[in-house]
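To start, the structure under review is shown below, and the notes come after it.
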């Protein structure tokens, strides 16, 4: 039974590794061809909070706002019934329109009056293009620093063959999330970027647990082939991985269903990241060291010749 389970685990590891490589290629192609649909946090734009009749729906608002403000216009609920947050790009404003903080573009009032007799503008603010550019640069820098710190930690803790598997698993998870947002053209904003950074930490934790177990078994069972060692490590940590991933997915699912539109992007990114992080730790994180010829001797102490 144990031997059968080991053989099944090995097939799963190899099959998911091939699947992971294929998904990475598709994701990179989507990023190159379509790119990310950057939100107003990065591109700049207007944010208007308005109160309309409670009977007005999200679809009715979008039907009258999108033709005038652009297809990237979004409408989300803001607390109480009838209160909405409208986001739209600056490029679609009419020439000469005032965009200062606290000033309301009159076009919004006129557009909303088409579907509601009661219209009250609560606030209006602008995210300038320079601010968006700064956020893009700082976000990219944060991601780079995060990856470099993780790389340094992995190189310090593990032999490079084992560390390379964990690092590629991290890259895999981030690429898959970005590829999904490129394919679906969902808005990529600061909350989604925060989810990407959270995915890095989650995936790293799972990869380290399995890598630690592999390292222990390599030292304890020096005559056992590396493929068998990896199978045993995955089996030994499988229950822990499933419990951790399952409980985290339940939390993310609660955010997805109850958080509404503002947290939809964050919850979607986290959901994909948790699933991909779980299987990449089992597949890429164990298969790549095998391909790089990881052996027990790489973790044995080096003998020093003291003879004169």
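Residue numbers (the numbering used here): 546 to 853. Glycine included, C-beta positions come from ideal geometry on N, C-alpha and C.
**Request:** Check residue 590 in the structure and name its three-state DSSP category.
**Result:** Annotated three-state conformation of residue 590 is strand, per DSSP.
**Request:** Express the C-alpha separation of residue 623 and residue 670 in angstroms, rounding to a whole number.
**Result:** Roughly 15 Å separates the two Cα atoms.
**Prompt:** What is the rounded straight-line gap between the Cα of residue 858 and the Cα of residue 652?
**Reply:** The displayed coordinates of the chain run from 546 to 853. Any statement about residue 858 would go beyond what the structure contains.
**Nearest neighbour of residue 709, chosen from 746, 753 and 816 [CA to CA]** = 753
**Prompt:** In terms of residue numbering, what span does the beta strand (DSSP E) encompassing residue 618 cover?
**Reply:** Unbroken run through residue 618: none, as it is neither H nor E.
**Message:** Tell me the DSSP secondary structure of residue 660 in three-state form.
**Reply:** coil
**Item:** residue 632 - partner residues in DSSP beta bridges
**Value:** 592 and 619
**Prompt:** Between residue 801 and residue 606, what straight-line distance do the alpha-carbon atoms span, to the nearest angstrom?
**Reply:** Computed Cα separation, rounded: 23 Å.
**Message:** With the cut-off set at 9 Å, would you say residue 575 and residue 728 are in Cβ contact?
**Reply:** yes
**Message:** Could you compute how far the alpha carbon of residue 797 sits from the alpha carbon of residue 768?
**Reply:** Those two C-alpha atoms are separated by around 43 Å.
**Alpha carbon of residue 828 to alpha carbon of residue 683, nearest angstrom** = The straight-line gap from Cα to Cα measures roughly 32 Å.
**Prompt:** Which same chain residues, not among the five before or five after residue 662, have their C-beta less than 7 Å away from its C-beta?
**Reply:** 598
**Request:** Determine the burial state of residue 572: buried for a count of at least 16 other Cβ atoms within 10 Å of its Cβ, exposed for fewer.
**Result:** buried
**Prompt:** Out of curiosity, what's the CA-to-CA distance linking residue 554 and residue 817?
**Reply:** 22 Å
**Message:** Just to check my reading of the structure: residue 784 and residue 823 have Cβ atoms closer than 8 Å, yes? What is that Cβ distance to the nearest angstrom?
**Reply:** Contact between residue 784 and residue 823 does not hold, since the beta-carbon distance rounds to 13 Å and is not under 8 Å.
**Asked** What separation, rounded to the nearest whole angstrom, lies between the Cα atoms of residue 788 and residue 593?
**Response** 43 Å
**Prompt:** Below 8 Å, can you find three or more Cβ-Cβ pairs linking the region 729–739 to the region 579–592?
**Reply:** yes
**Prompt:** Could one say the Cβ of residue 797 lies closer than 9 Å to chain C's Cβ atoms, at least one of them?
**Reply:** The structure shown contains no chain C; it is built from a single protein chain.
**One or two residues paired with residue 670 in a DSSP bridge** = 592
**Asked** Got a sec, what are the start and stop residues for the alpha helix (DSSP H) residue 834 sits in?
**Response** 829–836
**Message:** So, for residue 821: in the same chain, excluding its five sequence neighbours on each side, which residues have a beta-carbon less than 6 Å away from its beta-carbon?
**Reply:** 718 and 721
**Request:** For residue 738, I'd like the list of residues in its chain whose CB is within less than 7 Å of its CB, leaving aside the five on either flank, ordered along the chain.
**Result:** 684
**Request:** Take residue 777 and list the residues in its own chain whose beta-carbon comes closer than 7 Å to its own, dropping the five residues that flank it on each side.
**Result:** 762
**Prompt:** Pick from 689, 826 and 765: whose alpha carbon is nearest that of residue 786?
**Reply:** 826
**Request:** Have a look at residue 601 and residue 716 and give me their C-alpha separation to the nearest angstrom.
**Result:** 43 Å
**Prompt:** So, are the CB atoms of residue 707 and residue 696 less than 9 Å apart?
**Reply:** no
**Message:** I'd like the span of the alpha helix (DSSP H) that includes residue 785, first residue to last.
**Reply:** 771–803
**Asked** Is the distance from the Cβ of residue 830 to the Cβ of residue 714 below 9 Å?
**Response** yes
**Request:** Would you identify the three-state DSSP class for residue 582, choosing helix, strand or coil?
**Result:** strand
**Pair within 9 Å by beta-carbon distance, residue 498 and residue 750** = Look at the range of the chain in this structure, 546 to 853, and you will see that residue 498 is not part of it.
**Prompt:** Terminal residues of the continuous alpha helix (DSSP H) containing residue 737?
**Reply:** 735–765
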